[in-house]
Amino acid sequence: MPKPFRYLEPTFFAGLFDDPLLLVRVRPTGRALLFDCGKMHHLAKRVYTSIDAIFISHAHMDHFMGMDSVIRHSHASPRTIDVFGPPGLSRRMASKFACYDWNLADTFWGNFRVNEIGANGRVTSMLYSGPEAFAATSEGERNGVLYGNRHLTVSGTHCEHHIPVMAYRIDEGAAFVLDDERMAAEGVKKGEWLKDMEKLFHDGVMEMSPVRYVQDSGGSIDEKVAPDAAQLYQRIRKFEEPASIGYVTDIGYSEENVAKLSGLVQGVTLLVCECAFLASESKKAGVSRHLCTTQFNQLLDRLRPRYVLPMHFSKTYQRGSEPLYQEIEPPPGVTVLKIPDRLTPRPIMESEVPRPVEI
1 MPKPFRYLEP
11 TFFAGLFDDP
21 LLLVRVRPTG
31 RALLFDCGKM
41 HHLAKRVYTS
51 IDAIFISHAH
61 MDHFMGMDSV
71 IRHSHASPRT
81 IDVFGPPGLS
91 RRMASKFACY
101 DWNLADTFWG
111 NFRVNEIGAN
121 GRVTSMLYSG
131 PEAFAATSEG
141 ERNGVLYGNR
151 HLTVSGTHCE
161 HHIPVMAYRI
171 DEGAAFVLDD
181 ERMAAEGVKK
191 GEWLKDMEKL
201 FHDGVMEMSP
211 VRYVQDSGGS
221 IDEKVAPDAA
231 QLYQRIRKFE
241 EPASIGYVTD
251 IGYSEENVAK
261 LSGLVQGVTL
271 LVCECAFLAS
281 ESKKAGVSRH
291 LCTTQFNQLL
301 DRLRPRYVLP
311 MHFSKTYQRG
321 SEPLYQEIEP
331 PPGVTVLKIP
341 DRLTPRPIME
351 SEVPRPVEI
């Protein structure tokens with residue numbers, strides 16, 4: 001996978017036939033976001049402990065069954081994990097918690113905050129408290145960005161798969177980057193003062209904050225004070241488009257769905273997108289509300305990502321993935337990324353299990 005990202009490191013923890021699992025690591029913090037959680041038993045425990053937020057597309061088993069593994073490896077950690085998804089997610093999470101006895105719950109256990117995303121974008125939150133055996137408490141409603149910090153923001157939209165399905169977009173935060181040519185044109189010299197400006201940038205307090213800087217004024221080097229660091233930065237910064245990731249799975253091909261995706265993920269750096277069926281089975285794709293390769297190609301022509309990673313190929317094509325890649329025809333400027341057919345461990349035969357020995 002090419003690395004056009006500053007802060008984000010996407011890893012698709014599944015093969016083409018496996019249940020989807022996208023992990024996005026945030027390099028500066030070492031933390032991570034998870035998009036869908038299908039078959040997760042092969043993840044290392046340290047991966048689970050790095051997850052701060054989970055974004056569920058919908059509650060079909062192949063996208064949601066791994067939530068039990070998340071709860072298993074995270075419930076005793078003193079932190080709160082945010083879980084986002086379509087309406088009905090909180091009830092489903094409550095059912096998962098109710099499946100188990102929590103009589104040994106301790107005061108240091110963590111929490112799960114479940115955030116249901118309505119069709120109007122309004123988010124309704126419910127906190128499930130670990131120290132209280134995952135008793136539920138309403139945290140009300142809100143509007144705005146689903147999830148974010150200074151390194152990234154996550155947004156989403158409802159699509160249709162006979163049921164509401166969430167598509168997501170992750171945008172990197174702006175980076176502090178300087179343009180040498182623009183600095184030279186302004187006569188601004190590099191120095192230790194840039195550390196002060198960068199700190200103001202990352203703290204989000206550049207506007208109306210004074211900053212000392214060094215300027216070459218016709219051969220003499222002078223220290224000056226800019227009363228507004230934001231204005232000075234705008235004159236010497238390098239303009240870069242922040243990288244972005246789109247995550248799209250289990251949608252029917254319709255003008256309404258395509259229009260929603262165009263508004264959300266058009267032009268993303270990396271699009272992780274399902275392509276379940278070959279062109280010859282477009283009718284089957286339509287009935288089950290999935291994409292076939294013809295529709296996948298049409299979607300690429302509309303969205304024009306820089307890279308696209310096809311995934312979630314139907315298990316009816318168990319013989320291999322080559323027919324899929326042969327039918328994908330990206331438009332100019334779009335690079336297709338290929339992944340292995342499978343990443344999950346193979347089943348173990350009875351004859352391979354070691355027998356108990358007498359001691």
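According to UniProt numbering, the sequence shown is numbered sequentially starting from 1. Here a beta-carbon is modelled for each residue, glycine too, at the ideal position from N, C-alpha and C. Nothing here was measured: the structure is a model prediction, and the numbers come from that model.
- When Cβ pairs closer than 8 Å are counted between the two stretches, the region 141 to 156 is seen not to touch the region 15 to 23, the count staying below three.
- Setting aside the 5 residues that flank it on each side, T80 is surrounded in the same chain by G110, N111, F112, R113 and L127, each with a C-beta closer than 8 Å to its C-beta; the list follows chain order.
- The DSSP assignment places 111 to 117, 123 to 129, 135 to 142, 147 to 149, 152 to 160 and 164 to 172 as complete runs of the beta strand (DSSP E) inside the region 111 to 196, in order along the chain (cut-off: 3 residues).
- C-alpha of T344 to C-alpha of D250: approximately 21 Å in a straight line.
- Under the rule that a run must span 4 or more residues, the alpha helix (DSSP H) segments found entirely inside the region 242 to 293 read 255 to 265 and 282 to 288.
- Taking every protein chain shown into account, the CB of R289 has 16 or more other CB atoms within 10 angstroms, so this residue is buried.
- A straight-line Cα-Cα distance of about 18 Å links R72 and A59.
- With respect to the C-alpha of A135, the residue from L324, H158 and A98 having the closest C-alpha is A98.
- Looking at the DSSP output, M311 shares a beta bridge with E274.
- Per DSSP, the continuous beta strand (DSSP E) segment holding Y213 begins and ends at V211 to S217.
- The alpha-carbon of S351 is positioned some 35 Å away from that of P323.
- Taking all protein chains shown into account, T293 has 16 or more neighbouring C-beta atoms within 10 Å of its C-beta and is therefore buried.
- Per the coordinates, the alpha-carbon of S280 lies some 53 Å from the alpha-carbon of A105.
- By the Cβ criterion, the region 189 to 198 is not in contact with the region 161 to 170, since fewer than three pairs of Cβ atoms, one from each stretch, lie closer than 8 Å.
- Residue burial annotation: N257 is buried, with at least 16 other C-beta atoms found within 10 angstroms of its C-beta.
- Under the DSSP assignment, R46 falls outside any beta strand (DSSP E), being part of the alpha helix (DSSP H) whose first and last residues are K45 to Y48.
- With respect to the C-alpha of M208, the residue from E223, Y233 and Y7 having the closest C-alpha is Y233.
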